[in-house]
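A.B. asks: Protein chains in written order, with the working numbering: chain A, 430 to 639; chain B, 2 to 595. I'd like to ask you about the structure that follows.
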Amino acid sequence: MSFAESLALPEWDELPRREEPARRLRAVERPLPARRPRMTYAIVAVAGAVSIALAQMALSVLITQDSYHVAELQQEQRALTLEAQSLRDEVAGLSSPQYLAANAAALGMVIDASPTYLRLSDAAIIGSGDPAGGSSAVDARGPAQVSNALLDGTPLVTDPGSVVQGEPDRGDAPPAAETAPTEEATEPVVPAEPVAPPPLTEGLPSPTTR
Amino acid sequence: MSTRAERHPRRRSVVALLAVVAVLAAFVLRLVDIQVVNAGEHVGDAQSMGLAGQRVLYGNRGSIVDADGTVLASSTQLYDAQIDPLLATTMERKTADGTGKEIVPFADFAAQIAEVTGQDPQEIVDIVDGALAENPGSRFAYLKRGISTTDYLALVDLGLPFLTFKMQPSRVYPNGAVAGNLLGFTSSDGEPLAGYELLADDCLSASNGLETFQKGADGVQIPGTESVTPAEDGGTLQLTIDADLQWYMSELIAEETQRMKAKSGTITVLEIETGKIRAAAEYPALDPNDVQASDPADRGSRIFTTSFEPGSTGKALTAAMLLDAGVASPTSTVSAADHETFPNGASIGDPFDHPVYNYTLAGALIDSSNVALSKFGDLLTPEQRHDYLEKFGVGGGTEIDFQGEAEGQLHPASEWDNQTRYTTTFGQAYTMTVPQVMSAYAMIANGGVKVPLRLVESCTMPDGTVITPDLPEPQQVISEEAANETALMIENVAVQGSTAEMIKVPGYRVAAKTGTAQKPDDNGGYKAGVYFTSIVGFAPAEDPKYVVMVTLDEPTQVRSSAATAPALQKALTQVMKHFRVMPSTGQPHLFDKY
Chain A
430 MSFAESLALP EWDELPRREE PARRLRAVER PLPARRPRMT YAIVAVAGAV SIALAQMALS
490 VLITQDSYHV AELQQEQRAL TLEAQSLRDE VAGLSSPQYL AANAAALGMV IDASPTYLRL
550 SDAAIIGSGD PAGGSSAVDA RGPAQVSNAL LDGTPLVTDP GSVVQGEPDR GDAPPAAETA
610 PTEEATEPVV PAEPVAPPPL TEGLPSPTTR
Chain B
2 MSTRAERHPR RRSVVALLAV VAVLAAFVLR LVDIQVVNAG EHVGDAQSMG LAGQRVLYGN
62 RGSIVDADGT VLASSTQLYD AQIDPLLATT MERKTADGTG KEIVPFADFA AQIAEVTGQD
122 PQEIVDIVDG ALAENPGSRF AYLKRGISTT DYLALVDLGL PFLTFKMQPS RVYPNGAVAG
182 NLLGFTSSDG EPLAGYELLA DDCLSASNGL ETFQKGADGV QIPGTESVTP AEDGGTLQLT
242 IDADLQWYMS ELIAEETQRM KAKSGTITVL EIETGKIRAA AEYPALDPND VQASDPADRG
302 SRIFTTSFEP GSTGKALTAA MLLDAGVASP TSTVSAADHE TFPNGASIGD PFDHPVYNYT
362 LAGALIDSSN VALSKFGDLL TPEQRHDYLE KFGVGGGTEI DFQGEAEGQL HPASEWDNQT
422 RYTTTFGQAY TMTVPQVMSA YAMIANGGVK VPLRLVESCT MPDGTVITPD LPEPQQVISE
482 EAANETALMI ENVAVQGSTA EMIKVPGYRV AAKTGTAQKP DDNGGYKAGV YFTSIVGFAP
542 AEDPKYVVMV TLDEPTQVRS SAATAPALQK ALTQVMKHFR VMPSTGQPHL FDKY
């Protein structure tokens, strides 16, 4: 029912017109039952809002806390990276052939001239067959010829009193006594049981794996 | 009244509404002004007040490794220590009695710093005084540039507020002068300046990234504000060099150059089958860790930058072309005196006196007779010989294209005069570099197939892409038969020649040819008594695997090419041993000399 139609209700038509404009009133047929406020919805809504706020706060606190943790770890990582870098700098050059050869030479090892091969199948000696001489083909401990600035002042492992090149770095070089090989290391290594030569009865001997 | 009463509240609310809208509009305007119109300025203000933080993410410049992956060059960090002179000289501390304050004398700090950096304390005081003398308000001076991470950490530990540090990506060369001349070096700012650092910069260079973020007052990053442009590392450049062999050759040539009292020397090792240079050693060498320690002339690679008249090593090339053209065989003969004048007026002499011999081609090579070679060479026209030399790689550089590599020079046959027509048969009047001579000998040892030379194995990018250099296909330059016969003649030179005893490698058959190049003096002639001596050899002769070439510039202990023989013997021995080449079997066929 539209509003216009409601104005044209028959009961009102018969009433005499007054000066005042007719009041648009009508009797309420029956009072509507009082609606109970829906508490559940309100509680749910408020509780939801509160919990969202709490959750957000909690998350934000956690994230902030984590960011401190992250900052701390990053700091630690940086410190460790720097330490690793400084350690790497310290050992740079120790892997160089100059250092290896000089250490080997200090132990009395020589670079021998010609190789000799022993062919296992027929026990033939291939190559010069000459025994190794006592002199080295090149002198790895001679006056530093293949220079390496990284090894300046670095003492030899096998002869802590000397260096590959430059002056011994007295500040860093540990006293010889400290680096002297320990007792165990100097003892000749005796194999536990003599190794039997592999039998040559059936073709080439192959290493046995246990 | 009712109309008034009714109208009034309406008008009031309209007025109120308008007021509210006006205020709102003002706020909106201001908001737009702040957030949009002047946003940049405000953001800038906020950041300048310490909200903005950023960190450069350094990309690592790629490593250079050898054939086995041994690192020859890698990245590291150095630091530039900077000092604030004004702050450093106005630091306060409590006086001894604890009542007042006094300015700390800078010498106290200088002593602490000097202990770490290894400078003289006075030097540090001078730096600060100097900066202040120039500008009394000076806030910046370099304390020391390029300090190590260890020193940097020690300086940071001192906790001096007037010290600041700037990180400087830098390079470290663990093996020092081993292959230093090939690797090159970078400037203190990380700019590549020489060698493969420069040549392969496209492969090695890294790009830095940037991380920006906002931070709180305590310097902690505000979560969710970071944006990262990642750094990109450089690729890994692999060379064909074998670092251990390179070290041995470097040590050997250093000893030999000094023993022979030469100006400089080189040893180069080439793998015949692949064309890969396995060692390229020279003396004096460059240690890229300490570039300033070496003479500027020693900072390139003279193996590639020096071209010279090959001299007698060029005789084998003449023999190879004669055999390939089918105009001579190893046993063909010519009669040659020790000095002869040719029909066109050219005058050619041998370096030793001998009666008129009926030299075989092999014999001419063994005795290294210029006169005999001139006569043999005349069996081909100058044009034919020119074209052969060109095919052998004379005058065309090499595929390696090293920094400053010499091309070598070969004049067109039409420009050869009466004398050069003959001198070109024994390696004069054209120039070659060490790699070119080796490439030509490798071709002879390889059945006439010329394999392009290479020094770069590959470049591996961080994403795993492997880029290998583009190389031309191997080429059959002379017939296999001609090549094998020439190789056999070169072996005869090693067995029957003057240096035979010196270059014997026990267990292996060796082929070798010496060369003595005269050096031009400044007056258009040749220097008297000093030579650029060389020897090139390959082994095992029955199935050649490696070519080795030794050069000595102006040796004075032994002036002839014999000076290089002991070095070749040791170098070949080491190469055979290093690459586990099986000793030779059989004996070479020996040709008659006359």
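A virtual CB, placed ideally from N, CA and C, is assigned to each residue, including glycine.
So, with DSSP's three-state summary, where would you put residue 543/B?
C.D. replies: One-based indexing of the second sequence puts residue 543/B at position 542. Residue 543/B: coil per DSSP, three-state reduction.
A.B. asks: Report yes if the CB atom of residue 147/B is closer than 9 Å to the CB atom of residue 576/A, and no otherwise.
C.D. replies: Stepping through the second sequence from its first residue, residue 147/B is reached at position 146. Stepping through the first sequence from its first residue, residue 576/A is reached at position 147. No.
A.B. asks: Does the beta carbon of residue 256/B sit closer than 9 Å to a beta carbon anywhere in chain A?
C.D. replies: Working through the second sequence from its first residue, we reach residue 256/B at position 255. Yes, its Cβ sits closer than 9 Å to a Cβ of chain A.
A.B. asks: In angstroms, rounded to a whole number, what distance separates the CA positions of residue 20/B and residue 30/B?
C.D. replies: Counting from 1 along the second sequence, the entry for residue 20/B is found at position 19. Counting from 1 along the second sequence, the entry for residue 30/B is found at position 29. About 15 Å.
A.B. asks: So, for residue 487/B: in the same chain, excluding its five sequence neighbours on each side, which residues have a beta-carbon less than 7 Å away from its beta-carbon?
C.D. replies: Here residue 487/B refers to the residue found at position 486 when the second sequence is read from its first residue. Correct list, in chain order: 317, 320, 321, 324, 445.
A.B. asks: What are the start and end residues of the beta strand (DSSP E) that includes residue 492/B?
C.D. replies: Against the second sequence, residue 492/B aligns to sequence position 491. It is not in any beta strand (DSSP E) - residue 492/B instead sits in the alpha helix (DSSP H) that spans 481-497.
A.B. asks: Are any of the Cβ atoms in chain A nearer than 9 Å to that of residue 95/B?
C.D. replies: Taking the first residue of the second sequence as 1, we reach residue 95/B at position 94. So, not an interface residue.
A.B. asks: Could you have a look at residue 146/B and say whether DSSP puts it in helix, strand or coil?
C.D. replies: Looking up residue 146/B in the second sequence gives position 145. The answer is strand: DSSP assigns residue 146/B an E or B state.
A.B. asks: Counting beta carbon pairs with one atom in the stretch 363-380 of chain B and one in the stretch 520-534 of chain B, are three or more of them shorter than 8 Å?
C.D. replies: Touching, no.
A.B. asks: Using a Cβ-Cβ cutoff of less than 7 Å, which residues in the same chain neighbour residue 253/B once the five nearest sequence positions on both sides are dropped?
C.D. replies: As a first step, residue 253/B must be located in the second sequence, where it is residue number 252. Closer than 7 Å at the Cβ level, and outside the excluded window around residue 253/B, lie 268, 568, 571, 572.
A.B. asks: Mind checking which residues open and close the alpha helix (DSSP H) that includes residue 314/B?
C.D. replies: What you label residue 314/B is simply residue 313 of the second sequence in a count that begins at 1. Residue 314/B -> alpha helix (DSSP H) spans 314-326.
A.B. asks: Output the distance between the C-alpha atoms of residue 191/B and residue 65/B, rounded to the nearest integer angstrom.
C.D. replies: Here the question's residue 191/B lines up with position 190 in the second sequence. Here the question's residue 65/B lines up with position 64 in the second sequence. Each residue's alpha carbon lies about 15 Å from the other.
A.B. asks: Is there a Cβ of chain A sitting closer than 9 Å to that of residue 1/B, yes or no?
C.D. replies: For residue 1/B there is no data in the structure shown, the boundaries of chain B being 2 and 595.
A.B. asks: Can you list the residues of chain B that residue 488/A reaches, using a CB-CB cut of under 9 Å?
C.D. replies: Residue numbering aside, residue 488/A sits at position 59 when the first sequence is read from its first letter. Neighbours of residue 488/A on chain B: none; closest Cβ ~10 Å, over 9 Å.
A.B. asks: Select from the stretch 152-167 of chain B all residues with a C-beta closer than 7 Å to any C-beta belonging to chain A, and list them in chain order.
C.D. replies: For the stretch 152-167 of chain B, which is checked against every Cβ of chain A, the residues closer than 7 Å are 154.
A.B. asks: Nearest CA to the CA of residue 594/A: which residue from 481/A, 454/A, 489/A, 532/A?
C.D. replies: The residue labelled residue 594/A in the question sits at position 165 within the first sequence. The candidate whose alpha carbon is nearest that of residue 594/A is 532/A.
A.B. asks: Rounded to whole angstroms, what's the CA-CA distance from residue 305/B to residue 402/B? Just pull it up for me.
C.D. replies: Residue 305/B sits at position 304 when you count from the first residue of the second sequence. Residue 402/B sits at position 401 when you count from the first residue of the second sequence. If you take the alpha carbons of residue 305/B and residue 402/B, they lie about 9 Å apart.
A.B. asks: Identify each residue in the stretch 547-566 of chain A for which the Cβ-Cβ distance to at least one residue of chain B is less than 7 Å, and report them in chain order.
C.D. replies: Here the close residues are 555, 556, 557, 559, 566.
A.B. asks: Using alpha carbons as the reference points, say which of 77/B, 106/B, 76/B lies closest to residue 88/B.
C.D. replies: Start at 1 with the first residue of the second sequence, and residue 88/B comes out as number 87. With distances taken between Cα atoms, residue 88/B lies closest to 106/B.
A.B. asks: Once you ignore the five residues that flank residue 450/B on each side, which residues in its own chain have a CB closer than 6 Å to its CB?
C.D. replies: The sequence position of residue 450/B within the second sequence is 449, counting from 1. Same-chain partners within the cutoff: 475, 477.
A.B. asks: The beta strand (DSSP E) with residue 392/B in it runs from where to where?
C.D. replies: Here the question's residue 392/B lines up with position 391 in the second sequence. Here residue 392/B belongs to no beta strand (DSSP E); instead the alpha helix (DSSP H) covers 383-393.
A.B. asks: Given a threshold of 16 other Cβ atoms within 10 Å of its Cβ, counted over all protein chains shown, does residue 209/B qualify as buried or as exposed?
C.D. replies: Taking the first residue of the second sequence as position 1, residue 209/B is located at position 208. Looking at its Cβ environment, which holds fewer than 16 other Cβ atoms inside 10 Å, residue 209/B is exposed.
A.B. asks: Would you say residue 178/B faces chain C, with C-beta separation under 9 Å as the test?
C.D. replies: Absent from the structure is chain C; the protein chains it does hold are A and B.
A.B. asks: For a contact meaning CB atoms closer than 7 Å, what does residue 249/B contact in chain A?
C.D. replies: As a working mapping, residue 249/B is identified with position 248 in the second sequence. By Cβ distance, chain A contributes 567.
A.B. asks: Determine the direct distance from the alpha carbon of residue 202/B to that of residue 173/B, and round the result to whole angstroms.
C.D. replies: Within the second sequence, the letter at position 172 stands for residue 173/B. Within the second sequence, the letter at position 201 stands for residue 202/B. Approximately 16 Å between the Cα atoms of the pair.
A.B. asks: So if I threshold CB-CB distances at 7 Å, which residues from the stretch 52-86 of chain B count as touching chain A?
C.D. replies: For the stretch 52-86 of chain B, which is checked against every Cβ of chain A, the residues closer than 7 Å are 77, 78.
A.B. asks: Which residues in the same chain have their Cβ closer than 8 Å to the Cβ of residue 410/B, if we skip the five residues on either side of it in sequence?
C.D. replies: Within the second sequence, residue 410/B is the residue found at index 409, counting from 1. Hits under 8 Å: 308, 396, 431, 432.
A.B. asks: Since residue 311/B and residue 516/B are thought to touch, with beta carbons under 8 Å apart, how far apart are those beta carbons, to the nearest angstrom?
C.D. replies: Taking the first residue of the second sequence as position 1, residue 311/B is located at position 310. Taking the first residue of the second sequence as position 1, residue 516/B is located at position 515. Contact flag correct, Cβ pair sits at about 5 Å.
A.B. asks: When DSSP builds the beta bridges, which residues end up paired with residue 168/B?
C.D. replies: For this step, residue 168/B is matched to residue 167 along the second sequence. DSSP, once it has assigned bridges, lists 80/B as partnering residue 168/B.
A.B. asks: Taking the CB atoms as reference points, tell me whether residue 375/B and residue 349/B lie closer together than 9 Å.
C.D. replies: Reading the second sequence from its first residue, position 374 is the one you call residue 375/B. Reading the second sequence from its first residue, position 348 is the one you call residue 349/B. Yes, they are a contact pair.
A.B. asks: Comparing alpha-carbon positions, which option in 503/A, 514/A, 500/A lies nearest residue 75/B?
C.D. replies: On the second sequence, residue 75/B is found 74 positions in, with the first residue counted as 1. Per the Cα distances, 514/A.
A.B. asks: Looking at the strands, I want to know which residues DSSP matches up with residue 451/B.
C.D. replies: Taking the first residue of the second sequence as position 1, residue 451/B is located at position 450. DSSP output for residue 451/B lists 476/B as bridge partner(s).
A.B. asks: Give me the Cβ distance between residue 63/B and residue 207/B, rounded to the nearest whole Å; I'm assuming they're in contact under 8 Å.
C.D. replies: Counted from its first residue, the second sequence places residue 63/B at position 62. Counted from its first residue, the second sequence places residue 207/B at position 206. That belief holds up - the Cβ atoms of residue 63/B and residue 207/B are roughly 7 Å apart, short of 8 Å.
A.B. asks: Residue 371/B lies in the alpha helix (DSSP H); which residues open and close that run?
C.D. replies: In the second sequence, residue 371/B corresponds to position 370, counting from 1. Note, residue 371/B: alpha helix (DSSP H), 371-378.
A.B. asks: Is residue 441/B helix, strand or coil by DSSP?
C.D. replies: Translated into positions along the second sequence, residue 441/B becomes position 440. Reduced to three states, the DSSP call for residue 441/B is helix.
A.B. asks: Starting from the beta carbon of residue 567/B, find every residue of chain A whose beta carbon is closer than 9 Å, and list them in chain order.
C.D. replies: Here the question's residue 567/B lines up with position 566 in the second sequence. Those within 9 Å of residue 567/B in chain A number zero; the least Cβ separation is about 10 Å.
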